[in-house]
Structure formats: C-alpha cells, structure tokens
Amino acid sequence: MKKKPKTSQENYDLCRGCDDCCRYIAVEIDRPTTKMEFENIRWFLLHENISVSIGFDNKWYLEFKTKCKALKNKRCSVYDKRPQMCRDYDQSECTHYNNEPAEKILFENVKQFEKYLSDKKNKKRNVAKMK
2 MKKKPKTSQE NYDLCRGCDD CCRYIAVEID RPTTKMEFEN IRWFLLHENI
52 SVSIGFDNKW YLEFKTKCKA LKNKRCSVYD KRPQMCRDYD QSECTHYNNE
102 PAEKILFENV KQFEKYLSDK KNKKRNVAKM K
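For the sequence shown, my numbering assigns the number 2 to the initial residue and increments by one for each residue that follows.
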C-alpha cells in the first residue's frame with residue numbers, strides 16, 4: 002500500500018533544523034566493468050567534495066557535496082515552488098532520522114576504492130582456489 006503523501010506543513014515540521022538532503026546531489030552511474038571505467042572512478046575520487054557509493058540496490062552513485070542555492074538559514078527559500086525531486090523525497094530515507102547508513106559501500110578517496118578492488122580480487126582468487 003502506497004503511503005499518503007505528507008502535507009507541506011508535515012514536511013516542514015519534519016525538516017525543521019535539518020538540511021542534510023540540501024547539501025549534496027547524487028547521480029546514478031553505470032557500474033564500472035572496464036579498465037577505463039574503473040580509472041574514471043579513480044579520477045572522480047581525486048576531486049574535492051566528490052564521493053562514489055554503491056547503494057543497497059547495488060546501483061552505483063556519484064555524489065557531489067554541494068549546497069543548494071535555495072538553502073537559506075537551514076530552510077528552503079523556494080519551498081512552495083521547490084523542484085519535483087525535492088517534493089518526491091521520502092523522509093524515511095533521511096540521514097538525519099535514519100540510523101542506518103545511506104549506502105552499502107562509500108568511497109571518499111582513491112585509497113578506499115583501491116582497497117575495495119584489491120579485496121574483491123582476493124576474494125575471487127580464494128573462491129577459485131576452493132574449486
């Protein structure tokens with residue numbers, strides 16, 4: 002059963018004092034499969050305010066830590082005319098209220114990504130040895 006959308010006042014009250022979702026943009030990217038695609042991930046991670054994650058849905062995301070221009074004093078200055086993306090946001094996914102991590106795996110730098118690749122390679126090698 003689909004949940005009834007919250008009223009503007011309910012959303013406003015829930016978001017009081019929180020602006021977590023207004024401080025980043027996450028864009029789905031293709032799961033890397035080629036050497037060049039893995040190199041692109043490394044390149045992304047060499048930039049400031051960029052992270053890459055694997056969601057619980059196993060989709061890959063490129064995240065830009067950047068504040069929304071409409072955010073004023075921790076509140077949306079265009080709330081009544083906010084984009085549909087913001088209107089559709091489900092507070093049950095809010096990092097402010099949810100104690101669970103927002104992603105399955107988070108890479109904030111190249112070192113973390115290279116460790117993930119190394120661990121993955123070692124795991125495959127160990128599985129092959131067991132056969």
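Cβ coordinates follow ideal geometry from the N, Cα and C atoms, glycine included. The structure displayed is predicted, hence computed values, not measured ones.
Cβ contact annotation for residue 33 (same chain, cutoff 8 Å, sequence separation greater than five): 39, 41, 42, 61, in chain order.
With 16 or more other Cβ atoms inside 10 Å of its own Cβ, residue 53 counts as buried. Contact check for residue 23 against residue 95 fails: the beta carbons are separated by 7 Å or more. For residue 107, the pairing in a beta bridge is given by DSSP as 54. Counting the other CB atoms within 10 Å of its CB gives residue 46 a total of 16 or more, which places it among the buried residues. In this structure, residue 28 and residue 72 do not form a Cβ contact; the two beta carbons are roughly 19 Å apart against a cut-off of 8 Å. Within the model, the alpha-carbon separation for residue 65 versus residue 123 is close to 30 Å. Pairing residue 99 with residue 25, the inter-Cα distance amounts to about 17 Å.
Here residue 65 is bridged, per DSSP, to 26, 51. In this structure, 110 is the residue among 105, 17, 18, 110 with its C-alpha nearest to the C-alpha of residue 49.
When DSSP states are grouped into helix, strand and coil, residue 76 belongs to the strand group. For residue 31, the closest C-alpha among the options 15, 14, 58 is that of 58.
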